[in-house]
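Beneath this line is the structure, given in structure tokens, with notes to follow.
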Amino acid sequence: MDDATPVPEKGFEKIILDEPPPFLGTWERVYRFVLIYLAVIIFLAWLFTKHYAPPV
Amino acid sequence: MTPLDWIVLFGWIAFLVSYGLWRGRGSTSVNQYLLAGKTMPWYAMGLSIMATQASAITFISTTGQAYVDGMRFVQFYFGLPVAMVLLSATAVPIFHRAKVYTAYEYLEQRFDAKTRLIVAVIFLIGRGLGAGVALAAPAIVMSVMLDWPFYLTTILMGGVVILFTTMGGIKAVTYADVQQMMMIMGALILAVLIAIWKLPHDVSFLAAMRIAGAAGRLNAIDTHFDLNNRYNLWSGLIGSTFLMLAYFGTDQSQVQRYLTGRSIGQSRLGLLLNAMAKVPVQFFILFIGAIVFVFFIFERPPLLFQPVEMKRLEQTAEYPALEARYQQALDERQVAARKVKDGGSGDDFRAAQQKVNAVRSEAAKLSKDSDTNYIFLSFVKRYLPRGLVGLILGVILTATMSASSGEINSLATVSMIDVYRRHFHKDATDRHYLLASRIATVFWGIYAVAFANFAQRLGSLIEAVNQVGSLFYGSMLGVFVVAFFMKKAGGTAAFWGVVAGQATTFAVARFTPIAYLWYNMIGCLVVLAVAWAVTIASRRATSQT
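Going down the list, the sequences are from chains A and B. For the first sequence, our numbering gives the first residue as 2, with consecutive numbering after it. For the second sequence, our numbering gives the first residue as 1077, with consecutive numbering after it.
Take a look at the structure:
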């Protein structure tokens, strides 16, 4: 085993763009939106469970 | 199965393979073959990621699970959106800028060759076991349902996967996944609509929901914290987040998908599509199981859904008495279910359901195979119209192929890039590495088929082998967290962190009753602690000298 670091190669030449998201302006806002969406889904699933739960 | 079903089944497989190969044509360099020339759009990546996760077992086992145990399994996926956000913010830009084929290649840029090699080998062991099981588990079910010999089922499925993946590379796999995902969702929607439509006329959809709820089949959320309970809100939000971070952040079968994106933004969107769609999709699949449960209250279900075991049971001395008790319990349950429909409390219904469960448990003890995985397919074969049966069995077969092709492709990539090219043959031509990639794909395909045939003989051990994957993810995640966030940690700290994390995870699995979702968190935290301690110790030693 040797420690030579491999060189980037063919197919990786193009510049990697860190472009803005197509909606909400910044990625931070998109991430916040996804997490709020998850919270809403969990809340709805909890309501669903409560509504149809058998009586204790 | 009618001739029309066979035509639809083979027609669908032929279409999917041809379509994938057509879209994957022109993969004439290593970059195109392994990363689709970094040209994939976000929706193809997102759907392909979902398809790779959703093997046939997801559809046949998850619906069966909801039938017998309710919908609480959905909580397993709550960590996924959190993980997608964290990975979009961290791993995606890091891997893209590192210009790598594999996640483990980045570890050499960040640490050293030995850390890259140990993590790549851990991946090959864990995912290698998984590839065989991913083929074996659905093949067992499909061989019974289609009445094919098991070896023939695996050879047929494996053969198509090898041909398809070897010729088309990741582009073929990804585009076939897009069609696969859309078709399976369409077929499942049709299946649930037919189940609802076939309920008795006096049982409305809302009444069916009340009945399923009274039987505890709509229990999507459990807020009680219990380390030994596999699925609750907390294991879903905390334990599953670590598992999903590890799976999507360090498992090459997933990382390779988002490395095919033409930009960081496209890869992020692909992951975030998965984040938003996965929980509702799983909720829907589990909901199908709950509806099938109600359906079988009004249509007589077999004592065992596994047809071969059912035939064997019929030959036993115990069968007539079991059958009589079963019929009586079913009759009582149906009467009680009608009372629930009309607003009754459900106590009689639950008592009758317990009697049904008790008879089924006694029958299951006389059986060699659990019948949970056969529930949905029994419903499909007995009650869906001609043509649709063939289509659903076809998409379930291709779901297995889709998951396996992704795994085989990633195993081949790591074998070629992280082992062969790095340690055995450094300066060959692109053409040579392309050929090596194809040979590695054929090798892992044959290995998966052979291991699937071996795994089938292990019987119930298949489930244990399936959980082995979670033993490896924690330490793999830990080393990447060290790489991303512990700037002062070097290769030695990361290496010993991985060794300690792996040893601890094995010890926890062997000697404690802790549920497997927590292994990932434990393994990860041990890697971080040991890497941090080694870093501090080596800095002190350096400053003293």
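Positions of the beta carbon are idealized from the N, C-alpha and C atoms, including for glycine. What you are looking at is a predicted structure, and each value in this text was computed from that prediction instead of being measured.
Asked: Tyr1595(B) versus Leu1547(B) - alpha carbon distance; Found: 6 angstroms
Asked: Identity of the residue in Ala1617(B), Tyr1592(B), Leu1604(B), Thr1618(B) nearest Ser1303(B) by Cα; Found: Per the sequence presented here, residue 1303(B) reads as Leu, with Ser not at that position. When each option's Cα is compared against that of Leu1303(B), the closest is Tyr1592(B).
Asked: Through-space distance from Lys1444(B) to Ile1125(B), alpha-carbon basis; Found: 35 angstroms
Asked: Helix, strand or coil at Met1562(B) [DSSP, three-state]; Found: coil
Asked: Cutoff 8 angstroms: Leu36(A) Cβ touching any chain B Cβ; Found: yes
Asked: Spatial neighbours of Ala1439(B) in its chain, beta-carbon cut-off 8 angstroms, leaving aside the 5 residues before and after; Found: Leu1379, Leu1380, Leu1389, Leu1398, Tyr1402
Asked: Sequence ranges, alpha helix (DSSP H) only - wholly within the segment 1189-1228 of chain B, length at least 4; Found: 1189-1222
Asked: Where Tyr1119(B) falls, given that 16 or more other Cβ within 10 Å makes a residue buried; Found: exposed
Asked: Beta carbon proximity, Val41(A) to chain B, threshold 8 angstroms; Found: no
Asked: Span separating the alpha-carbon of Leu1200(B) from that of Trp1273(B); Found: 47 angstroms
Asked: Which listed residue (Val1555(B), Lys1415(B), Leu1266(B), Lys1563(B)) has its alpha carbon closest to that of Ala1576(B); Found: Val1555(B)
Asked: Contacting residues, own chain, Cβ-Cβ under 7 angstroms from Ala1405(B) (five flanking each side not counted); Found: Ala1428, Lys1431, Val1432, Val1435
Asked: Buried or exposed by the 16-neighbour rule on C-beta atoms within 10 Å, applied to Leu1537(B); Found: Its pLDDT being 47, under 50, Leu1537(B) is placed unreliably by the model, and the measurement read from it follows with that caveat. Exposed.
Asked: Contact check, Met1147(B) vs Thr1336(B), beta carbons under 8 angstroms; Found: no
Asked: C-beta neighbour in chain A for Ala1609(B), strict 8 angstroms; Found: no
Asked: As assigned by DSSP and simplified to three states, the class of Met1147(B); Found: coil
Asked: Whole-angstrom C-beta distance between Met1320(B) and Ala1159(B), which should lie under 8 angstroms; Found: 4 angstroms
Asked: Contacting positions in the segment 20-32 of chain A - beta carbon closer than 9 angstroms to chain B; Found: Glu20, Pro21, Pro22, Pro23, Trp28, Glu29, Val31, Tyr32
Asked: Closest residue to Arg1426(B) among Arg1173(B), Arg1293(B), Gly1341(B) (Cα-Cα distance); Found: Arg1293(B)
Asked: Segment limits, alpha helix (DSSP H) that includes Leu1123(B); Found: 1118-1129
Asked: CA-to-CA distance, Ala1288(B) to Tyr1323(B), given in whole angstroms; Found: 33 angstroms
Asked: Contact check, Met1233(B) vs Ala1215(B), beta carbons under 8 angstroms; Found: yes
Asked: Of the listed residues Phe1360(B), Lys1417(B), Phe1582(B), Glu1385(B), nearest to Ile42(A) (C-alpha basis); Found: Phe1360(B)
Asked: Ala1142(B) versus Asn1308(B), Met1243(B), Ile1367(B), residue with shortest Cα-Cα distance; Found: Ile1367(B)
Asked: Chain-ordered neighbours of Leu1348(B) on chain A, where CB pairs are closer than 7 angstroms; Found: Val31, Val35
Asked: Close-in-space but distant-in-sequence residues of the same chain around Val1084(B) (CB under 7 angstroms, 5 per side omitted); Found: Gly1463, Gly1466, Leu1467, Gly1470
Asked: Nonlocal neighbours in the same chain, by C-beta distance under 8 angstroms from Val1220(B), ignoring five residues either side; Found: Gln1382, Pro1383, Val1384, Tyr1450
Asked: Phe1363(B) versus Trp1310(B): straight-line alpha-carbon distance, rounded; Found: 21 angstroms
Asked: Residue nearest to Phe1226(B) in terms of C-alpha spacing, selected from Ala1531(B), Val1411(B), Asp1423(B), Ser1619(B); Found: Ala1531(B)
Asked: Chain-ordered neighbours of Arg1409(B) on chain A, where CB pairs are closer than 7 angstroms; Found: Within 7 angstroms Cβ-Cβ: nothing; Arg1409(B) doesn't reach chain A, min ~14 angstroms.
Asked: Backbone CA spacing between Ile1484(B) and Thr1241(B) [nearest angstrom]; Found: 8 angstroms
Asked: Cβ-based neighbour list, Thr1299(B), same chain, cut-off 6 angstroms, excluding 5 preceding and 5 following; Found: Leu1309
Asked: Min CB distance Pro1157(B) to chain A below 8 angstroms; Found: yes
Asked: Chain A contact for Arg1426(B) (CB, 8 angstroms cutoff); Found: yes
Asked: Check: Ala1167(B) C-beta below 7 angstroms from any heavy atom of the ligand HEM; Found: What this structure holds is no ligand at all, so the ligand HEM is not there to describe.
Asked: Contact under 8 angstroms by Cβ, Val1357(B) with Ala46(A); Found: no
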